[in-house]
Amino acid sequence: MNRGLTLLGLTSLLLLVGCQAGPRPLNRVNQPLSRLGSSESPSLAGNWLALIASRQAGRPQVQLIDVRRNAPVPLPGLNRADSLPLSVAVDQNGERLALVRQRDDRSELLLYRRSLQATQTLAIEPAGVPRRVSLSADGRVLAVEVSRNGLWQVDLLELP
Amino acid sequence: MVRPPATTAPASTTEAALLLLLALGLAGCGLSPLRRQPAAPAGLGSESREQPALSGDGRLLATLVERGGRTTVLLQERRSGRVLPLRHLRNRQPHSSPSLSWNGRYLALLLQQGARRQAVIEDRATGRLQPLPLPAGLEPDRLSLAPDGQSLAVELIRDGRRSVQLFDLSQLLEPDRAPGLRESGGGPGAPP
Numbered sequence: 107m108n109r110g111l112t113l114l115g116l117t118s119l120l121l122l123v124g125c126q127a128g129p130r131p132l133n134r135v136n137q138p139l140s141r142l143g144s145s146e147s148p149s150l151a152g153n154w155l156a157l158i159a160s161r162q163a164g165r166p167q168v169q170l171i172d173v174r175r176n177a178p179v180p181l182p183g184l185n186r187a188d189s190l191p192l193s194v195a196v197d198q199n200g201e202r203l204a205l206v207r208q209r210d211d212r213s214e215l216l217l218y219r220r221s222l223q224a225t226q227t228l229a230i231e232p233a234g235v236p237r238r239v240s241l242s243a244d245g246r247v248l249a250v251e252v253s254r255n256g257l258w259q260v261d262l263l264e265l266p
Numbered sequence: 003m004v005r006p007p008a009t010t011a012p013a014s015t016t017e018a019a020l021l022l023l024l025a026l027g028l029a030g031c032g033l034s035p036l037r038r039q040p041a042a043p044a045g046l047g048s049e050s051r052e053q054p055a056l057s058g059d060g061r062l063l064a065t066l067v068e069r070g071g072r073t074t075v076l077l078q079e080r081r082s083g084r085v086l087p088l089r090h091l092r093n094r095q096p097h098s099s100p101s102l103s104w105n106g107r108y109l110a111l112l113l114q115q116g117a118r119r120q121a122v123i124e125d126r127a128t129g130r131l132q133p134l135p136l137p138a139g140l141e142p143d144r145l146s147l148a149p150d151g152q153s154l155a156v157e158l159i160r161d162g163r164r165s166v167q168l169f170d171l172s173q174l175l176e177p178d179r180a181p182g183l184r185e186s187g188g189g190p191g192a193p194p
């Protein structure tokens with residue numbers, strides 16, 4: 107009798123746990139992330155997480171985290187003292203990062219190639235103010251939210 | 003020792019310079035940065051659109067548009083502009099922060115659930131809406147779904163402070179991988 111009740115209790119517990127299945131926090135990544143300070147604008151692709159992080163009273167910077175190794179990788183030439191990143195997106199190889207940043211009171215759209223450690227400014231045509239960016243995981247298409255003539259529009263760019 | 007005719011060197015130099023210019027020109031064409039697609043795919047006019055999200059393969063585009071005064075996610079084929087149906091999202095606006103998996107099978111987004119924003123995923127293959135309950139006391143503000151649909155990055159707000167956290171979805175969703183990608187690890191070139 108007792109054994110039956112135990113089995114029934116165990117089954118009920120398993121059912122309850124099953125019903126409550128939801129997203130599980132990846133604590134091995136989240137704990138180091140919390141040490142970055144405030145963080146926002148995540149972009150997740152493959153083993154890469156790009157975001158904008160700022161420690162207390164520090165300037166926001168683009169960070170690229172290798173999720174598999176659970177460590178940030180260097181991005182030489184991307185973060186500048188005179189600019190403020192607004193939005194970032196990464197491809198699944200962690201090779202291309204698209205970035206909208208504010209510099210000298212202007213917003214600009216950039217493409218950063220990690221293997222070249224080089225940024226390329228992408229012109230907004232017709233003129234507009236970029237705000238948010240999305241990069242396809244294959245790194246071939248860029249979608250940019252642009253303020254133009256009082257409307258928010260989406261520009262699509264195919265990258266070589 | 004016979005020196006080459008004096009005229010040879012300049013001619014070679016000129017040819018070399020021309021070849022170099024040609025090569026640079028071709029390289030320049032190769033780097034020609036971008037092909038622009040008209041901002042609004044066919045049939046959309048010039049309405050306001052925000053928060054673009056591309057599928058991993060770049061084939062689909064999700065954006066936010068105004069429909070009847072409510073911010074609504076719109077899913078389209080990027081090239082043709084054809085609008086794709088979403089079953090579960092009507093009457094649960096405003097929507098925000100759409101994010102797509104590789105083939106666009108999964109659309110993650112935030113929708114309004116009473117006074118709170120709720121993260122959900124619509125599975126376009128099965129028509130199922132998967133709620134994603136997040137830890138209490140945290141307000142989700144932005145999502146990024148991994149292209150394979152196996153994890154989700156969420157920008158969360160607690161007491162005005164923003165932080166990004168990752169969540170494992172592998173118990174909830176089948177992978178939505180690029181065609182040709184293997185299902186399991188191992189083999190040459192696989193990470194240790």
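So the protein lines, in turn, are chains L and U. Count the first sequence with our numbering and you get residues 107 to 266, in order. Count the second sequence with our numbering and you get residues 3 to 194, in order. Every residue, glycine too, gets a C-beta built ideally from N, C-alpha and C.
Confirm, please, whether the CB-CB distance from residue 112(U) to residue 142(U) is below 8 Å.
yes
When the Cα of residue 139(U) is compared with those of 151(U), 148(U), 120(U), which residue comes out closest?
120(U)
Nearest-angstrom Cα distance between residue 53(U) and residue 166(L)?
21 Å
Name, in chain order, the residues that DSSP records as bridge partners for residue 75(U).
66(U)
Through-space distance from residue 148(U) to residue 99(U), alpha-carbon basis
14 Å
Would you please verify whether the beta carbon of residue 205(L) is less than 8 Å from any beta carbon of chain U?
Not one chain U Cβ lies under 8 Å of residue 205(L).
Chain U contacts made by the stretch 204 to 226 of chain L, where a contact means CB separation under 9 Å
Answer in chain order: 217, 226.
Within a Cβ cutoff of 8 Å, which residues of the same chain sit near residue 213(L), ignoring the five residues on either side of it in sequence?
192, 206, 207, 235, 236, 237
Local conformation of residue 134(L) per DSSP, three classes
helix
Rank 160(U), 146(U), 162(U), 180(U) by C-alpha distance to the C-alpha of residue 170(U) and give the top, closest one.
146(U)
Under a three-way DSSP split, which group does residue 147(L) fall into?
Strand.
Under 8 Å Cβ-Cβ, which residues of chain U neighbour residue 145(L)?
Those within 8 Å of residue 145(L) in chain U are 157, 164, 165, 166.
In the DSSP output, which residue or residues are listed as bridge partners for residue 212(L)?
Per DSSP, the beta bridge partners of residue 212(L) are 209(L).
Among the candidates 187(L), 200(L), 199(L), whose CA atom is the shortest distance from the CA of residue 210(L)?
187(L)
Counting only Cβ-Cβ distances shorter than 8 Å, please list the residues of the stretch 51 to 71 of chain U near chain L, keeping chain order.
51, 52, 53, 54, 55, 56, 57, 58, 59, 60, 63, 65
Quick check on residue 244(L) - is its C-beta less than 8 Å from some C-beta in chain U?
At least one CB of chain U lies nearer than 8 Å to the CB of residue 244(L).
Keeping to the same chain, check which residues put their C-beta closer than 7 Å to that of residue 167(U); ignore five residues upstream and five downstream.
Excluding sequence neighbours, residue 167(U) sits near 156, 158.
By the criterion of Cβ-Cβ separation under 8 Å, what are the contact partners of residue 148(U) in chain L?
150, 151, 152
Is it the case that the Cβ atoms of residue 109(U) and residue 129(L) are separated by a distance below 8 Å?
no
In angstroms with no decimal places, state the Cα-to-Cα distance between residue 204(L) and residue 228(L).
10 Å
Any beta strand (DSSP E) of 3 or more consecutive residues that is wholly inside the stretch 222 to 265 of chain L
224 to 228, 235 to 241, 247 to 254, 257 to 264
Please confirm if residue 173(U) has its CB atom under 8 Å from at least one CB of chain L.
yes
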